[in-house]
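Worksheet for the structure shown next.
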Amino acid sequence: MIRKFYFTLAAITAASFSIVSAQQTAKVTASGIGYLEYLPQGYHSNSNKYPVVISLHGIKEKGTSSTDRQRVLADLPRVDNVGLPKYVKSGKKYPFILISPQLKSKYGTWPPSYVIEVLNYVKKHLRIDEKRIYLTGLSLGGYGVWKTAGEYPEVFAAIAPVCSGGNAMNKASDIAAKNLPAWGFHGASDKIVSYTVTTKMVNAINSAPKKPNPLAKATIFPGMGHIIWDKAYNQTNLLDWMLSHKKGSA
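If you're matching positions, the sequence shown starts at 132 in the working numbering and goes up one per residue.
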């Protein structure tokens, strides 16, 4: 009887695609995009709406291009190798919902529509405060932050690209026009992507015809290279800064 119960429970778990860890749940959208979901303590014991942070990974965490659920799920554990999902895996607790999508290998960069598709899917299934949607990402994911925020500046309450692999200079004025708070981070000695990728974007936002309120800002870590995400997320007030903003208020 015990063995029979064990296999039944395993079948239920597999059917619900709830794997990876007790802290995060592996999910797949209807179109076959995988993501990790973290819910703050108390979520299931109330009816509150929660802020949500969308976290975009770097190039090494890409997954299968397949939309087959089992193949998507098999690659998802790679997402929590770095950044916010890694800290959750290690036991870190946050007061917000954390959604960490996985980019399919067929894409060279994060398509803005891809990120929004995951967000819209999540909004249908979770209690999200739509005035407190935040976007952050590292390396390739940092580039995805600039691109997505540039295409959909009205969606987010604040953004924080870390060691961004690129920027979206042609969208700087759109970000400024929506007064979207932006804080970029980079290492001054980054040999993979120059810190000027971040400073040029920040300067472009602040030089837009409609000056943003608040002004975009950049923190450049002296002597540091590309791998700065642990310092940015754990040794600055980046997360508190993001959560302090609400869409529609200066």
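Glycine included, C-beta positions come from ideal geometry on N, C-alpha and C.
From a predicted model like this one, the values you see are computed outputs, not experimental measurements.
TODO: Return the Cβ separation of T330 and A349 in integer angstroms, given the expectation that the two are a contact with Cβ distance under 8 Å.
DONE: 5 Å
- [ ] Count the other C-beta atoms from every protein chain shown that fall within 10 angstroms of the C-beta of I323, then say buried if there are 16 or more, exposed otherwise.
- [x] exposed
Open item on the list: Give me, in chain order, the residues of the same chain whose beta-carbon lies closer than 6 Å to that of S236; leave out the 5 immediate sequence neighbours on both sides.
Closed with: K193 and S196
Task: Rounded separation between D371 and A161 - CA only - done: 32 Å
- [ ] For D199, count neighbouring Cβ atoms within 10 angstroms of its own Cβ and tell me buried if that reaches 16, exposed if not.
- [x] exposed
Task: Euclidean distance between Cα positions of A205 and Y166 - done: 12 Å
Task: L170 to I228 span [Cα, whole Å] - done: 5 Å
Task: Where the alpha helix (DSSP H) containing H256 begins and where it ends - done: P243 to H256
Open item on the list: Three or more C-beta pairs under 8 Å: does that hold for the stretch 266–275 against the stretch 286–297?
Closed with: yes
- [ ] Using beta-carbon positions only, say whether L311 and W241 come within less than 7 Å of one another.
- [x] no
Open item on the list: Taking 8 Å as the cut-off, does the stretch 241–254 touch the stretch 277–290 (at least 3 CB pairs, one atom from each stretch)?
Closed with: yes
Task: Chain-order list of residues whose beta-carbon lies under 6 Å from that of K378 (same chain, five-residue window excluded) - done: K262 and A288
Open item on the list: Let's test the definition: count the other Cβ atoms within 10 Å of the Cβ of L234 and tell me whether it reaches 16, buried, or not, exposed.
Closed with: buried
TODO: Just list the alpha helix (DSSP H) runs in the stretch 281–366, keeping only unbroken ones of 4 residues or longer that don't cross its boundaries, in chain order.
DONE: 303–308, 327–337 and 360–365
TODO: Return yes when the Cβ of A319 is within less than 7 Å of the Cβ of A347, no when it is not.
DONE: no
TODO: May I have the straight-line CA-CA distance separating F316 from I336, to the nearest angstrom?
DONE: 15 Å
Open item on the list: Just to confirm before moving on: does the CB-CB distance between N298 and V253 stay below 7 Å?
Closed with: no
Task: Bounding residues of the beta strand (DSSP E) (the contiguous stretch that carries K262) - done: I259 to L269
Task: Reduced DSSP category for G169 - H, G, I as helix; E, B as strand; rest coil - done: The question names Gly, yet the displayed sequence has Tyr at residue 169. Strand, per DSSP.
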